[in-house]
Amino acid sequence: AQQAIARLLKAAFDPWQMRILDRSDEHPDDGGPGSEKHFSVVVISDKFSGVPRESRYRRVYHALHTLMDEGQGGIRSLQVSAYTRYQAKHR
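For the sequence shown, this note's numbering gives the first residue as 150, with consecutive numbering after it.
The following block contains the structure:
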């Protein structure tokens, strides 16, 4: 799932920088380590320029919707941080 997330985010946002963390080990009652169901992503892209925070999150979720719609085998939770390059450098 992590490679698929990276591929979809790259295609949608041409990110300057991106970080994907598998947090499934923090959810032992929902598959646990290796289940690849819980992720956090940080996407830094100038495509977020002028886009409100909530809309950025929606765009990231939309880019990954095919992975989230896979039922039991899909992503169960996703924490999103989305910044422009300027915001990332000045936060």
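For every residue, glycine included, the Cβ atom is placed at its ideal position computed from N, Cα and C.
| Query | Result |
| --- | --- |
| In the DSSP assignment, find the unbroken beta strand (DSSP E) run with VAL298 in it and report its ends. | What the structure shows of the chain is the stretch from 150 to 240, and residue 298 is not part of that stretch, so it cannot be assessed. |
| Give me the residue from ALA237, GLY199, VAL190 and ARG172 with the minimum Cα distance to ALA212. | VAL190 |
| Among the candidates ARG225, SER194, ALA161 and GLU175, whose CA atom is the shortest distance from the CA of ALA237? | SER194 |
| Count the other CB atoms within 10 Å of the CB of ALA231; is the residue buried (16 or more) or exposed (fewer)? | buried |
| Between MET217, ILE154, LYS186 and TYR235, which has its C-alpha nearest GLY199's C-alpha? | TYR235 |
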